[in-house]
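Protein chains in written order, with the UniProt record's numbering: chain A, 1 to 324; chain B, 1 to 460; chain C, 1 to 308.
Ideal Cβ placement from N, Cα and C applies to all residues, glycine included.
The block underneath contains the structure these notes are about, expressed in structure tokens.
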Amino acid sequence: MQAADKLVGMVVALVAFAVVIGAILLVVHLLERRGARRVAWWFIGPTLLLIAVGLVYPALRTVWRSLYDAAGTSFIGLGNYTDIFTSGEQLVVLRNTVLWVLVTPFVATVVGLIYAILVDGAKGEAAAKALIFLPMAISFVGASIIWKFMYEYRFYDPAVENNPNQIGFINQIIVWLGGTPQNFLLNSPWNNFFLIAVMIWIQAGFAMTILSAAIKAIPSEITEAARLDGVSSLQLFRFVTVPSIRPTLIVVLTTIAIGCLKVFDIVRTMTAGRYGTSVVANEFYTQSFSAGNQGLGAALAVLLFVLVVPIIVYNVHHLRKASR
Amino acid sequence: MNVKRKRRYTLVAASAAALALVLTACSSDDDGGGGDGDGGGDATSSADCADFESYGDLSGKTITIYAGIVDPEDQPYKDSFVPFEECTGAKVDYQADKQFEQQILVRAQAGNPPDIAIVPQPGLLAQLVATGTVKEAPEAVAANVDEFWGEDWKALGTVDGTFYAAPSGASVKSLVWYSPQEFEANGWEVPTTLDELTTLSDTIAADSGHKPWCAGIASDAATGWPVTDWMEDFVLREGGPDVYDQWVSHEIAFNSEVPTAALDAVGTFLKNPDYVNGGFGDVSSIATTAFQDGGLPILDGQCSLHRQASFYAANFPQGTDISENGQVFAFYLPGKTAEDKPVLGAGEFVTAFADRPEVQALLEFWSTDTWANLKAQASVDRTNGGWITANKGLDASILTNPIDKLSADILLDPNAVFRFDGSDMMPAAVGSNAFWKEATSWITGQSTKDTLDKIEAAWP
Amino acid sequence: MSAVQIDTATVDGPVTPGGGRETTAAAARRRLSKPWASLFAVVLAVLWTIPTLGLLVTSFRPATDINNSGWWTVLTNPNFTLENYETVLSSDSSQSLAPSIINSVVITIPAVVLPMFLATLAAYAFAWMNFRGRNVLFIAVFALQVVPIQVTLIPLLSLYVDIDIAGTFWAVWLSHTMFGLPLAVFLLHNFMQEIPGELIEAARVDGAGHVTIFFRLMLPMLKPAIAALGIYQFLWVWNDLLVALTFAGSSRDLAPMTVALLNLTGTRGSQWFLLSAGAFVSIIIPAIVFLSLQRYFVRGLLAGSVKG
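In structure tokens form, the structure reads like this:
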């Protein structure tokens, strides 16, 4: 296929999409003219259809598959689940996933929030923000390459004369400070935090941009009032800024947490889940497509859904409060 | 895009001409070392097409191949099909990526397989056959395998009594890389028994000022596999080929006596802080060192011994003198006695998911000695060798690389006790998961007993 | 509610002289005794930039230097080359990334436009239309964010084989649209709720239908939010590996840059000189897109919303 053919194909696809959606909306418009009230389904129909095909159907199939054995031939009920909860290695996988979900959103949001406040209205705000956001533009695989390079380890033996030069920056700093270089990706469970750092590095930019937009939307009257009362800056932060952006904070925390539940590329690229760093998405892929145990893989994926329930409940609670 | 296509086409045409030259050169008793891509174009392709007449006219047909063999080793494969394409008119579309081993399963299960896959493990072949999408090998292929490979290799491509996949390339794994120049300078001798190997390791550790062995087992999702090779080699040496077969087929437990002794024996090398890890640090650094980098410290004199398969030759920088008296070379990992010569090897299997005439024609061509020699020549031209096969029709004079010659000698030696890589034949839950994973944990400190118990528990 | 809290707060700071309108954050920053606040911001910025900077410098260094000394040594021993980029981009090399750039573009544009438009429509319905099962459906859509892509590979690929679009761009576009919708609907719904209800009520009273309100009112007001989310979806699609690999296959005709990057090092080991240059080639386009659209982030996510 030539480049031009591909581009033409792309334009054709976009036009086709515009025609279909345009036709739907035209129909809705005409219906509304005639006084029809119930047109909501036309708006959400395409989305629901695509989600049903692309996500609901595979999810249900996964639940069903998790009740069968490795080969998918005999029904074993909850056998795969008991396997997971009695296997020390699978428990480590679950522990790591929980670690990711708890640590990443919190740290990334705090860093993003602090930075958003520090640079707000400052000279060169746009450039300062771009520096933090730039990691977002880097693929997970690319970011993993970058950090693998940061963590790169060369041995250092004080007894030997010509040790190799460190080429990883973090180990070089340790050497400059007089310490012994560490093989960061090796020692469980700490290596998990070094992988999580990569995700924080990426997601802080996301948190910062969204939160910064929310902060700017806080009506100035509130600030003025607080200032007249002479509150300190920390109090202003705690009692004005944070409450005003609370809905946005929840959205940001939720989005990052769900991103962490699904984290795959970072673990795959940096350690491939070895040295006690595997997470559910990586283990699902390994069990299903390397180890030939789709039943266990499916059960792990179902546990992912279960892990997200608290996050959903919390958000639903908030949704209710907001719409009241 | 346009320009690039043209360029690639001329490249293909040039190499086709070169191959045609080689074909005629081989028949005229030359040593076949020439034909370095300067393709004069005086070789008329029609003269060589006689061999392909039986396949008929396949113009306009396309055969897709999917493999995990990527740059730079993919090019010789593409080259080796060029005469087939020229003479039959069929087009061979070779695609490869590093996620092959997972993606081929996804594609087979979803009903979207390629026409042909190059499968490096009999265990994966069995998994693919279980999806019901693999086609039985055509009779002509079976006949060629009988003629050029023999029973052992045919059995490896057979699942539940049905022969599916013909072997393609092969490698010898029982090799230890070393520096002949360093050995010469220090008066060290290539060992002929395992005991001598241990003594040599002690000598190097005491005299040289560096650790004798270096190793690396990191390999993305397959991290740990080099340890499984070590263990297989030692099961073969501790227990002999029969016990090895029982261990691979799980007639004896994974954690029974001989395998335990074997892994402990590996431990006297790989987990011995006096022996490893030259150029990289302590024992645990083996776990995070890329297997491709594992033997490179030999070149800097930071390590003297590295156990790795014949294909490791490709990992030394271009210009490295790999020969009997050069910077690096390999010796056979000795048996318990000098007479005892078990060989561990591996290979690839050509698995078909379609039975269209053009696919069958390519499969048949692929299983011939003609193809084996074309491929060997293409590898010599493109990657300075690094590819051998157990096809008995291989013309050893094509091989220019001393390591390839050594490996081919070992592989084709009728007296060698050859065994295929065990982890590649075990069920996927062990062979491509638990064994790799636990072997990695073993390096980072897990005991031999725990390691083998966990692998035994993972056996489906 | 914040006002009440302020009243109860202890007053211990001096009253700030001078007027002028500024945001709370600016006020907070100004009062967070400037020197260490700025210092902290600078430290964070440096921390966040060093890893990328290190790789950028590395990508211009000769292969042997990369393996033998740290990138920071260029300060004392500058030695640069363009060779790594030549290898990565040259049309002779089978590792070349060049042909995959166009594939990435062709994959990304529809895979951003489709989900963004569909999600805006759906988010509007969820936020401003009354229909039965609205809340349940919205929660379901939100919850489906968690379905990992890996579980969809086989079911979706089977489906694409059945309708004969496996191994085409259609399969990739459709998949990205499906996977992008839940998050986009969720976030757009949140922004949409912040639009004052009176505006919509007024329009309804004037007799405007939902289609009219959607195009005349919602789209213009949400333009910054849609642009911001569009960037997010763009980055996600541009950087995706698994979807493209599975649904487009590994044909060089369809493979995006991420797939090319995966195979860049070939069968060799840690080839930092190729990886670093390859990674940078793949970053350039998303970085340009982001920098040219980032004003939407800086201004706020709703056009014309009232603020100080």
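Here's the rule I'm using: 16 or more other beta-carbon atoms within 10 Å means buried, otherwise exposed. How should residue i be labelled?
| i | result |
| --- | --- |
| PHE60 (chain C) | buried |
| HIS189 (chain C) | buried |
| LEU50 (chain B) | Residue identity differs from the one stated: residue 50 (chain B) is Ala in this sequence, not Leu. It is exposed - the Cβ of ALA50 (chain B) has fewer than 16 other Cβ atoms within 10 Å. |
| ARG33 (chain A) | exposed |
| ASP282 (chain B) | exposed |
| LEU97 (chain C) | buried |
| ALA226 (chain A) | buried |
| HIS317 (chain A) | exposed |
| GLY32 (chain B) | Because the pLDDT of GLY32 (chain B) is 36, which lies under 50, any placement of that residue in the model is unreliable, and the question is left without a value. |
| ALA126 (chain A) | exposed |
| LEU75 (chain C) | exposed |
| ASP229 (chain B) | buried |
| LYS211 (chain B) | buried |
| ASP300 (chain B) | exposed |
| GLU101 (chain B) | buried |
| GLU238 (chain B) | buried |
| VAL309 (chain A) | exposed |
| ASP404 (chain B) | buried |
| ALA306 (chain A) | It should be pointed out that residue 306 (chain A) corresponds to Val in this sequence rather than to Ala. Its Cβ having fewer than 16 others within 10 Å, VAL306 (chain A) is exposed. |
| THR440 (chain B) | buried |
Determine the direct distance from the alpha carbon of residue j to that of residue i, and round the result to whole angstroms.
| i | j | result |
| --- | --- | --- |
| GLU198 (chain C) | PRO35 (chain C) | 44 Å |
| PRO191 (chain B) | ILE204 (chain B) | 13 Å |
| ARG382 (chain B) | GLN75 (chain B) | 7 Å |
| ILE154 (chain C) | LEU14 (chain A) | 27 Å |
| VAL280 (chain A) | ARG204 (chain C) | 48 Å |
| LEU303 (chain A) | ILE312 (chain A) | 14 Å |
| GLY77 (chain A) | ASN293 (chain A) | 15 Å |
| PHE316 (chain B) | GLY386 (chain B) | 11 Å |
May I ask you to report which of helix, strand or coil DSSP gives residue i?
| i | result |
| --- | --- |
| SER219 (chain B) | strand |
| THR73 (chain C) | helix |
| LYS223 (chain C) | helix |
| GLY319 (chain B) | coil |
| LEU452 (chain B) | helix |
| LEU185 (chain A) | coil |
| TYR164 (chain B) | coil |
| LYS321 (chain A) | helix |
| PRO310 (chain A) | helix |
| GLU85 (chain B) | helix |
| THR62 (chain A) | helix |
| THR133 (chain B) | coil |
| GLU348 (chain B) | strand |
| ALA117 (chain B) | strand |
| GLY167 (chain C) | coil |
Looking at the ligand ATP, does it come within less than 7 Å of residue i, judged from the CB to the closest heavy atom?
| i | result |
| --- | --- |
| ASP207 (chain B) | The ligand ATP is absent from the structure shown, which contains no ligands of any kind. |
Please confirm whether residue i and residue j have their CB atoms less than 8 Å apart.
| i | j | result |
| --- | --- | --- |
| PRO460 (chain B) | PRO427 (chain B) | yes |
| ASN112 (chain B) | ALA244 (chain C) | no |
| LEU181 (chain C) | LEU99 (chain A) | no |
| TRP366 (chain B) | VAL380 (chain B) | no |
| ILE65 (chain B) | PRO120 (chain B) | no |
| ALA207 (chain A) | ILE258 (chain A) | no |
| VAL243 (chain B) | GLY422 (chain B) | no |
| TRP149 (chain B) | ALA416 (chain B) | no |
| TYR275 (chain A) | LEU185 (chain A) | yes |
| LEU124 (chain B) | SER201 (chain B) | no |
| HIS176 (chain C) | ALA111 (chain C) | yes |
Report task. Below 7 Å between beta carbons is the criterion; list the residues of the stretch 266–292 of chain C that meet it against any residue of chain A, in chain order. Result -> TRP272, LEU275, ALA279, SER282, ILE283, PRO286, ALA287, PHE290, LEU291
Query raised in the report: At a Cβ cut of 8 Å, what residues of the stretch 165–197 of chain C count as close to chain B, listed as they run along the chain?
Result: ALA166, GLY167
Query raised in the report: In the stretch 155–185 of chain A, which residues sit with their C-beta less than 7 Å from some C-beta in chain B, listed in chain order?
Result: PHE155, ASN183, LEU185
Query - chain B contacts made by the stretch 67–84 of chain A, where a contact means CB separation under 8 Å - result: ALA70, ALA71
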